[in-house]
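Participant: Sharing a structure below in structure tokens format, with a few things to ask.
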Amino acid sequence: MSVLRTLLASLLVLAAGVTALSASTDGFRAFTSETARRVAVREHPRDLPPVLLQTAQGRTVDLASLRGRWLLVDFIYTRCLTYCSVQGNEFARLQDRLAGPIADGKVLLLSISFDPTHDGPVQLADYQSRSKDRGAGWIAARPTDTAGLEALMRGFGVTAISDGLGGYVHNAAINVVDPRGRLVAIADWDSPQEAEQVVLRGLAR
Amino acid sequence: MTRLQTVVRWAGPILWLTLALPPVRHALESTLTLQMLVQIPLLALVGWWLRPFLPDRAVKVLNAWNRGGISGLLLASFAAMIWMLPRTMDSALNVPWVELAKFTSVPVLLGLPLAVSWPRAGFVVRGVFLVEATATAFRLGWLYLVSPQRLCSNYLLGDQQLAGNALLAIGAAMSLLLAWKLMWGHVDVDGSHRRSHA
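Here it is, written out as structure tokens:
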């Protein structure tokens, strides 16, 4: 009897275990929280929080007011000396690749600093010129208050941790926001063509 | 019951409460290595120490469904697998209910089933379990060591590689221990038969 009962119990444990594993990996697709974030956004586009931003030109814009066009958003801190310092160059490259839609007002690039105490308009403008800003369709900005910063980090799923050397390590990516103001896709930070594809597909629809 | 016996009996809950204290929790979650190789194993130990709180009748019922400790060890293996995923350890830091799930499921679904099942497991079941655990330490250690990307948004790459090295060291130590036990130790091949009558 105890053999059969143990077999039955083991089968039940097996079924429950596989179900639990599947649930905690989105059906064996997401083994890291970064992949999970991307899967979640792709399947359930997320509305963005209304947050006030101050741009490199010193203007104040509401993130919500940028609706009506495709937004490519990345999160930066201008002191970065490692790989993230190349994020700006990737955005300048996107300015070239998407020059047409940008000129038509259909696409806008937006770099948001998660280090607003250090990154003021001067640092942001310097970051853009260092990255060879082509001059059109790219806004660099910082949230105007801590609540805004937190809402952005939560809304986009950005995690920045101290690197122990005074800088940060963060899950850099290119976030794609559709004209309805929803975060619909997250692409690798160093693969602008991936983000470009999403936008071009969206524009073609 | 003497004072010492009382303390020993309550060691599980005391350890659980200590691990749940915010400063202890934050310290043990400050690096991947500490969370994975210290905090989670200690939570499993909490569960192991909860064994005296199970009433005899419940143990009797459980034993009837747990011949040779097989179903219990299977349960513990699945619980361990889930808490080995980079994603679950990562989100435990950001999502309160995941943290709560860790603090409850690791003792109850990993440590306690181990305590109930291990004494009932015979040579073969123990061997399979230990060899699989050793192989998992090597596989996971290798994964953490060679991954060029950070697998946890909350931890640095160097920390991840440290965890990888630590896992490889644990795997190596377990292999040596197993080999030593097989060659020179006392191996109780018939243990399962004797214990199943108990």
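Taken in sequence, the protein lines are chains R and F.
Just add 821 to wherever you are in the first sequence, counting from 1, and you've got the numbering used here.
Just add 688 to wherever you are in the second sequence, counting from 1, and you've got the numbering used here.
No residue lacks a Cβ here, since even glycine has one placed at the ideal position from N, Cα and C.
Since this is a predicted model, take the numbers as computed values, not measurements.
Verify whether the separation of the beta carbon atoms of residue 763 of chain F and residue 824 of chain R is less than 8 Å.
Facilitator: Within the second sequence, numbered from 1, the residue matching residue 763 of chain F stands at position 75. Within the first sequence, numbered from 1, the residue matching residue 824 of chain R stands at position 3. Taking 8 Å as the Cβ cut-off, residue 763 of chain F and residue 824 of chain R do not qualify as a contacting pair.
Participant: Could you check where the alpha helix (DSSP H) with residue 847 of chain F kicks off and where it finishes?
Facilitator: By 1-based counting over the second sequence, the position of residue 847 of chain F is 159. That run of the alpha helix (DSSP H) goes 845-872.
Participant: With DSSP as the reference, label residue 963 of chain R as helix, strand or coil.
Facilitator: Stepping through the first sequence from its first residue, residue 963 of chain R is reached at position 142. Strand at residue 963 of chain R.
Participant: For residue 744 of chain F and residue 705 of chain F, what's the separation of their Cα atoms in angstroms?
Facilitator: What you label residue 744 of chain F is simply residue 56 of the second sequence in a count that begins at 1. What you label residue 705 of chain F is simply residue 17 of the second sequence in a count that begins at 1. Distance from the CA of residue 744 of chain F to the CA of residue 705 of chain F, rounded to the nearest whole angstrom, comes to 25 Å.
Participant: Check the DSSP bridge columns for residue 891 of chain R and list the partner residues they point to.
Facilitator: If you number the first sequence from 1, residue 891 of chain R lands on position 70. BP columns for residue 891 of chain R point to R:928.
Participant: How many angstroms separate the CA atom of residue 994 of chain R from the CA atom of residue 1009 of chain R?
Facilitator: Indexing the first sequence from 1 puts residue 994 of chain R at position 173. Indexing the first sequence from 1 puts residue 1009 of chain R at position 188. Taking the straight line joining both Cα atoms gives about 5 Å.
Participant: Looking only at its own chain, which residues have a Cβ that is under 6 Å from the Cβ of residue 732 of chain F, when we skip the five neighbours before and after it?
Facilitator: For the purposes of this step, residue 732 of chain F is taken as residue 44 along the second sequence, with counting starting at 1. Hits under 6 Å: 794, 798 and 799.
Participant: Is the beta carbon of residue 929 of chain R less than 8 Å from the beta carbon of residue 962 of chain R?
Facilitator: For the purposes of this step, residue 929 of chain R is taken as the residue at position 108 of the first sequence. For the purposes of this step, residue 962 of chain R is taken as the residue at position 141 of the first sequence. Not a contact, by the Cβ cut-off of 8 Å.
Participant: Under 8 Å: do the region 944-964 of chain R and the region 800-807 of chain F share three or more Cβ pairs, one atom per stretch?
Facilitator: no
Participant: Using a Cβ cut-off of 9 Å, pull out every chain R residue sitting near residue 766 of chain F, in sequence order please.
Facilitator: Looking up residue 766 of chain F in the second sequence gives position 78. 834, 835, 837, 838, 839, 841 and 842, listed in chain order.
Participant: Taking CB distances under 8 Å as the criterion, tell me whether residue 715 of chain F reaches chain R.
Facilitator: For this step, residue 715 of chain F is matched to residue 27 along the second sequence. No - not a single Cβ of chain R is within 8 Å of the one on residue 715 of chain F.
Participant: Taking contact to mean at least 3 C-beta pairs separated by less than 8 Å, is the region 862-873 of chain R in contact with the region 883-898 of chain R?
Facilitator: These segments touch.
Participant: Per DSSP, which residues does residue 995 of chain R bridge with? Please list them.
Facilitator: Here residue 995 of chain R refers to the residue found at position 174 of the first sequence. Answer is R:1008, bridged to residue 995 of chain R.
Participant: Just the Cα atoms here: how many angstroms apart are residue 845 of chain R and residue 828 of chain F?
Facilitator: Taking the first sequence and counting its residues from 1, one reaches residue 845 of chain R at position 24. Taking the second sequence and counting its residues from 1, one reaches residue 828 of chain F at position 140. C-alpha separation (whole angstroms): 18 Å.
Participant: How would you list, in chain order, the residues of chain F whose beta-carbon sits under 7 Å from the beta-carbon of residue 857 of chain R?
Facilitator: On the first sequence, residue 857 of chain R is found 36 positions in, with the first residue counted as 1. Correct list: 775.
Participant: Along the chain, where does the beta strand (DSSP E) containing residue 876 of chain R start, and where does it finish?
Facilitator: As a first step, residue 876 of chain R must be located in the first sequence, where it is residue number 55. It spans 873-876 - the beta strand (DSSP E) in which residue 876 of chain R sits, taken as one unbroken run.
Participant: Taking only the alpha-carbon atoms, compute the straight-line gap between residue 906 of chain R and residue 824 of chain F and give it to the nearest angstrom.
Facilitator: Start at 1 with the first residue of the first sequence, and residue 906 of chain R comes out as number 85. Start at 1 with the first residue of the second sequence, and residue 824 of chain F comes out as number 136. Going from the Cα of residue 906 of chain R to the Cα of residue 824 of chain F covers about 37 Å.
Participant: When the cut-off is 8 Å and only beta carbons count, does residue 769 of chain F lie next to chain R?
Facilitator: On the second sequence, residue 769 of chain F is found 81 positions in, with the first residue counted as 1. Chain R contact via Cβ: present.
Participant: Is the beta carbon of residue 777 of chain F less than 8 Å from the beta carbon of residue 723 of chain F?
Facilitator: Here residue 777 of chain F refers to the residue found at position 89 when the second sequence is read from its first residue. Here residue 723 of chain F refers to the residue found at position 35 when the second sequence is read from its first residue. In this structure, residue 723 of chain F lies closer than 8 Å to residue 777 of chain F by Cβ.
Participant: Show which residues of chain F have a CB atom less than 9 Å away from the CB atom of residue 934 of chain R.
Facilitator: For the purposes of this step, residue 934 of chain R is identified with residue 113 of the first sequence, where counting begins at 1. In chain order: nothing, as chain F lies at least about 18 Å away.
Participant: Per DSSP, residue 867 of chain R forms a beta bridge with which residues?
Facilitator: As a position in the first sequence, residue 867 of chain R is number 46, starting the count at 1. Residue 867 of chain R pairs with R:1004.
Participant: From the beta carbon of residue 851 of chain R, is the nearest beta carbon of chain F less than 8 Å away?
Facilitator: Taking the first sequence and counting its residues from 1, one reaches residue 851 of chain R at position 30. True, the Cβ-Cβ gap to chain F drops below 8 Å.
Participant: Closer than 8 Å by C-beta to residue 1019 of chain R: which residues in its own chain qualify, once you throw out the five before and the five after it? Chain order, please.
Facilitator: Position 198 of the first sequence, counted from the start, is the residue given in the question as residue 1019 of chain R. Contacts found: 997, 1005, 1006 and 1008.
Participant: Determine, using beta carbons only, whether residue 785 of chain F comes closer than 8 Å to chain R.
Facilitator: By 1-based counting over the second sequence, the position of residue 785 of chain F is 97. Interface criterion not met: the Cβ of residue 785 of chain F is under 8 Å from no Cβ in chain R.
Participant: For residue 948 of chain R, tell me which candidate among R:1002, R:1013, R:986 and R:897 has the shortest Cα-Cα distance.
Facilitator: As a working mapping, residue 948 of chain R is identified with position 127 in the first sequence. Nearest C-alpha to residue 948 of chain R: R:897.
Participant: So which residues of chain F does residue 826 of chain R contact, with C-beta pairs closer than 9 Å?
Facilitator: Counted from its first residue, the first sequence places residue 826 of chain R at position 5. Chain F residues near residue 826 of chain R: 752, 753, 754, 755 and 759.
Participant: Would you say residue 964 of chain R and residue 874 of chain R are within 8 Å of each other, going by their C-beta atoms?
Facilitator: As a working mapping, residue 964 of chain R is identified with position 143 in the first sequence. As a working mapping, residue 874 of chain R is identified with position 53 in the first sequence. The answer is yes: Cβ separation under 8 Å.
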